[in-house]
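Chains as they are written, first to last, in our numbering: chain A, 825 to 968; chain B, 825 to 968; chain C, 825 to 968; chain D, 825 to 968.
See structure below.
Number of protein chains: 4
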Amino acid sequence: MGRRIYEHRAQYYETDQMGIIHHANYLHWFEEARIDLMDQMGMGYDVMEKQGIISPVLSVHCEYKSMVRFGETVQILVHLKEYNGIRMTMEYTVLDKESGQLRCVGESRHCFLTRDGKPVSLKRNYIEMDRAFREYTQQEESGI
Amino acid sequence: MGRRIYEHRAQYYETDQMGIIHHANYLHWFEEARIDLMDQMGMGYDVMEKQGIISPVLSVHCEYKSMVRFGETVQILVHLKEYNGIRMTMEYTVLDKESGQLRCVGESRHCFLTRDGKPVSLKRNYIEMDRAFREYTQQEESGI
Amino acid sequence: MGRRIYEHRAQYYETDQMGIIHHANYLHWFEEARIDLMDQMGMGYDVMEKQGIISPVLSVHCEYKSMVRFGETVQILVHLKEYNGIRMTMEYTVLDKESGQLRCVGESRHCFLTRDGKPVSLKRNYIEMDRAFREYTQQEESGI
Amino acid sequence: MGRRIYEHRAQYYETDQMGIIHHANYLHWFEEARIDLMDQMGMGYDVMEKQGIISPVLSVHCEYKSMVRFGETVQILVHLKEYNGIRMTMEYTVLDKESGQLRCVGESRHCFLTRDGKPVSLKRNYIEMDRAFREYTQQEESGI
C-alpha cells in the first residue's frame, strides 16, 4: 500500500556536530508519519483533538541501523500494529529513498485521553473513530 | 543587578554539522532568559497563563557576533527595554561565561492576548501585573 | 517564478502550549526555503560544504503577522535580496497556502567562511559559485 | 551517589499543544544527563571527540509514566548499566523534583566509532578511557 509511505527530507537544522541527523529527530519523523497515516484513515489528529481527545505517547523504541545525512530523503513506512479500542501500537521502518538501505526501525504505543487526562475508550464512546481504526487494522492484517 | 543574568550550557543536541550551535536555538535561550526574568519580577509566565493571558512574540531580531560551541556556558543578560501597558520589548546580550566574549545581541517584542486571541491591556485590566512591569522598567532606567 | 515558493506543513512537534507554532521554528522554515533556493540555483548547500565553505548566519529578523497552527501548510517565498561576493541577504515571506494570509516576513544575512573560520571571497576564489549567485540576483532584479 | 543526579527545568519551547512537554525532548534530557555523567567520570564527550571518537546512539527506549509540564524541574538519574569495551548501555530514571513522582524510565545503547565511521575498541586502543568506564561500572555495581 503505497499510501502508507511518508517521505521526509533530512534538514540542516536536524544535523548535529557528528555530521549526521541527531537521533531525537527520528521521533519527530515517526510523528509526522503517524499523523499522515491517521489523516489517510480519515481520523486526522486535528479532528481528534477537536473532539476533545488527545493521544499521548506511552512508550517509544527506536533501533538506529545506519546514519541519515543532511539532504537525504527517507521513506517512513508506518503500520498500525495493534489497536484494541483503548490503546494502539504503531510500527515504523525508515529507509533511504535512493538506496533503499534500512536506516531505522521503531515502535510507539499510545492511549486516548480527554483533555483533562481521563482515559477514553474509543470502543465505547467514539464508535466512528473506533471503526476507522478497526477497519484499518484489518486491512493491514489481510495485507491489502 | 546579578539576578538578571541567566546561564545556559550549550547542549550537544543544539549543535549542527557546522560544529557550532545552530542559530535558531538562540531564540530558545532568549525565551529561557525572558521567562526567568519574569519569574524574578513575580510575574511568572505560568502565572500569566493561569490568568488567561498569553504573550506571543511580535518580532525577534538577532545579531550573531561569534560562535558558541558545545559544552560552553553562555550568560544571557536580559533587560526589559520598553513596556507601555499593551506591549513590551526585551533586549538580550549573550556572553561567553569564561572569556566574557560577546556572542550575540538580540531583541524581542511581545503583546498580551487572551487565550482566544483578543488584545489585553494590562494597564486597564490587570493592574497588579501592570505595576510589576512598570516597577521593573523604572528600576532598569534608574540603573538599580 | 513559481520555483522559488517552498512549502512546509506545520508539524505537531512544532507547536507549543499556546496552541500555535513556536516562533523559533520559523527560522527552521527560512533555512529550509533558503537551502531549497540554493539547490535550484545549482549551488546546493551540500555542494558548498563539500568544497569546504560554510555559510553561517550573521543576523536574522522576523516579524510575526499572524499565527500558524498545526496541520496548516505555509508557502515561503524566498528571495536573494543582496549579494556582493562576500555576503548575502535573503528575504522571506510566509503565507498561509489556503487563504493567502500573511503569516510572517523575515530576513537573514550570511557570510562565507572556510571550515576553520576564515572569511572567503566567492568573488575571488570560487568564480563559478559567484557567477551562480550573481546571475540569480540579476534575474531577481529584472523580475524574471 | 548524588552526583549522578542531573536536573533540567522544563522549558516553554519544549511544550506542545497538548499542554505538556513533547515526548521527543526526553531524548534530549537523556543526552544532557549522559554527557554530564561522562564529564563526572573524567571522560567528557568533548574530550572523546577531540581524540577522534564519536559515540552514536544504537537504540533508545523510553516509557512515559506521567506528564511533565512547563516550569517543572525534573531529576534525571543516569546509570552506566553495561560497558564491555566496545559498547555501553545507559539507564535513565526521570523524577519530578518536587513530588518525587516517576515521570519516565529509559535506556540508550551506544557504540564507539572513529570520525569516518569505523568501530573502535576502547579496550584495545584507548586504555585510559576504557579504565574510566570500567571503574565507573564497578562503582555502580558495588553501589558506591
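C-beta atoms are modelled at their ideal positions from N, C-alpha and C, and glycine is treated no differently.
Remember, predicted model here, so these are calculated numbers, not experimental data.
What residue range does the alpha helix (DSSP H) around residue i cover?
| i | result |
| --- | --- |
| B:Lys874 | 869-874 |
| D:Asp863 | 849-864 |
| B:Arg933 | Per DSSP, B:Arg933 belongs to no alpha helix (DSSP H); it is in the beta strand (DSSP E), 926-935. |
| C:Lys947 | 946-949 |
If you run the structure through DSSP and keep just helix, strand and coil, what is residue i?
| i | result |
| --- | --- |
| D:Met842 | coil |
| C:Ala954 | Looking at the sequence itself, residue 954 of chain C is Asp, so the reference to Ala does not match. In the structure shown, C:Asp954 sits in a helix (DSSP, three-state: H, G or I). |
| D:Glu959 | helix |
| A:Gln835 | coil |
| D:Glu922 | coil |
Assuming residue i and residue j make a contact with CB atoms under 8 angstroms, what is their CB distance in whole Å?
| i | j | result |
| --- | --- | --- |
| C:Lys921 | C:Val898 | 6 angstroms |
| A:Ser890 | A:Arg927 | 5 angstroms |
| D:Arg828 | D:His903 | 7 angstroms |
| C:Glu906 | C:Thr913 | 4 angstroms |
| D:Val884 | D:Ile844 | Not a contact, Cβ separation roughly 20 angstroms. |
| A:Tyr836 | C:Glu855 | 6 angstroms |
| B:Tyr850 | C:Leu882 | Going by Cβ atoms, the distance from B:Tyr850 to C:Leu882 rounds to 13 angstroms, so no, they are not a contact pair. |
| C:Gln841 | D:Phe894 | 6 angstroms |
| C:Leu937 | C:Ile878 | 5 angstroms |
| B:Met865 | B:Ala956 | 5 angstroms |
| B:Glu838 | B:His846 | 6 angstroms |
| C:Ile910 | C:Ala857 | Contact flag wrong, Cβ pair sits at about 22 angstroms. |
| B:Arg939 | B:Gly876 | 5 angstroms |
| D:Tyr830 | D:Asp870 | Not quite, the Cβ-Cβ distance comes to about 17 angstroms (not below 8 angstroms), so this is no contact. |
| B:Cys886 | B:Gly930 | 4 angstroms |
Note the first and the last residue of the continuous beta strand (DSSP E) segment covering residue i.
| i | result |
| --- | --- |
| C:Arg828 | From DSSP, C:Arg828 is part of no beta strand (DSSP E); its letter is neither H nor E. |
In chain F, what lies closer than 8 angstroms to residue i by C-beta?
| i | result |
| --- | --- |
| A:Ser883 | Absent from the structure is chain F; the protein chains it does hold are A, B, C and D. |
Scan the segment 861-881 of chain C for residues whose Cβ lies nearer than 7 angstroms to a Cβ of chain B and list them as they occur along the chain.
Ile878, Pro880, Val881
Could you tell me which whole beta strand (DSSP E) segments of length 3 or greater appear in the segment 876-912 of chain D?
881-888, 897-907
So if I threshold CB-CB distances at 7 angstroms, which residues from the segment 837-849 of chain A count as touching chain B?
Along the segment 837-849 of chain A, the positions whose C-beta sits under 7 angstroms from a C-beta of chain B are Tyr837, Thr839, Asp840, Gln841, Gly843, His846, Ala848, read in chain order.
Near-chain C residues of the segment 889-908 of chain A - C-beta to any C-beta below 9 angstroms:
Arg893, Phe894, Gly895
Going along the segment 912-946 of chain B in order, which residues come within less than 7 angstroms of chain C, judged by CB to CB distance?
none
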